[in-house]
Amino acid sequence: MKAVLVCGSPRKNGNTQKILEIAQETLLMEGIDTELVLLSDATVHPCIGCLTCKKTRDMSCAIKEDDFHEIFGKMLNADAIVVGTPVYFGCATSQTTSLLHRAGYVARNNGNPLSGKIGAPVVVARRAGQNFTYAQLVFFYTISDMTVVGSSYWNVAFGKNPGEVLCDEEAVQTVKKCMKNIAALLQCRKKE
Ligand SMILES: Cc1cc2nc3c(=O)[nH]c(=O)nc-3n(C[C@H](O)[C@H](O)[C@H](O)COP(=O)(O)O)c2cc1C
């Protein structure tokens, strides 16, 4: 069973990456294979709405000259997809939405291989906008026929300067519990 964690922050070693590293550690301790994908190391252009994915039906996007297909392949191979993003002006980052728009549209025009996978959002902000951004990610998961896993609270965290998020103890515990819930669900599915 495998989980891919996608960090949608353009800032390497920032708060979103830090909290996703904790999520990754928790999943590993629960026996789940993981991979952390940093969009700060990648280029994913936005969807251009060409609808080529609707016509070719070969699980690919018309834009070839970036890292989309490699990352999308990792999402397709995973049983769980955890997407983390900082809040930018009350929303997910453009890096995050560029990936999700293209992944979601290519998938749904090709028999939706995301269907049945598990998802969980992780959102970080200095002060406000976490809930809206959390909902934005839930919209992606649920239109993709994925199962969203909860915790004792929503996976929302506070932090401004890199590393500050680790002082938000409640958020850290919430994310850890969510990852344990994901692992438990994956183990149940494995037994089925
Ligand atoms: C362009 C931009 C827009 C931002 N918008 C918000 C916002 O709407 N609400 C908020 O609380 N913080 C906002 N922030 C602060 C970031 O969400 C915060 O610093 C976060 O920790 C960054 O995560 P990272 O370290 O993973 O990049 C913004 C930061 C930037 C650069």
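The numbers in our numbering rise by one with no breaks, and the one at position 65 of the sequence shown is 74.
For each residue, glycine too, the CB sits at the ideal point set by N, CA and C.
Bear in mind that the values here come from a model prediction, so they are computed numbers and not experimental data.
query                                                                                                                                                                                 : result
Near Y162, which residues of its chain fall below 6 Å by C-beta distance, leaving aside the five closest residues on each side in sequence?                                           : T183
Straight-line CA distance for V92 to Q104?                                                                                                                                            : 11 Å
Taking M84 as the reference, which of I41, A137, T142, K126 has the closest Cα?                                                                                                       : K126
Which first and last residues belong to the beta strand (DSSP E) in which T94 is found?                                                                                               : 89 to 95
Is the distance from the Cβ of A134 to the Cβ of P171 below 8 Å?                                                                                                                      : no
Shorter than 7 Å, the distance from the beta carbon of N164 to the closest heavy atom of ligand 1, or not?                                                                            : no
Going by Cα to Cα distance, which pick from A166, N164, A129 is closest to T151?                                                                                                      : A129
Assign G172 to one of three DSSP states: helix, strand, or coil.                                                                                                                      : coil
Can you tell me whether DSSP reads I72 as helix, strand or coil?                                                                                                                      : coil
Does ligand 1 have even one heavy atom less than 7 Å from the beta-carbon of Y97?                                                                                                     : yes
Is A137 near ligand 1, with its Cβ less than 7 Å from a heavy atom?                                                                                                                   : yes
Report buried or exposed for C62, applying the criterion of at least 16 other Cβ atoms within 10 angstroms of its Cβ.                                                                 : buried
Check whether the stretch 16 to 28 and the stretch 61 to 78 are in contact - that is, three or more C-beta pairs closer than 8 Å.                                                     : no
Just to confirm, are N140 and G159 a CB contact at a threshold of 8 Å?                                                                                                                : no
Would you identify the three-state DSSP class for K11, choosing helix, strand or coil?                                                                                                : strand
Tell me whether the stretch 36 to 49 and the stretch 117 to 126 touch, counting them as touching only if at least three CB pairs, one residue from each stretch, are closer than 8 Å. : no
Could you tell me if A180 is buried or exposed, where buried requires 16 or more neighbouring beta carbons within 10 angstroms of its beta carbon?                                    : buried
Could you name the residues that DSSP lists as bridge partners for T35?                                                                                                               : DSSP lists no partner for T35.
Under the three-state reduction of DSSP, which class applies to A166: helix, strand or coil?                                                                                          : strand
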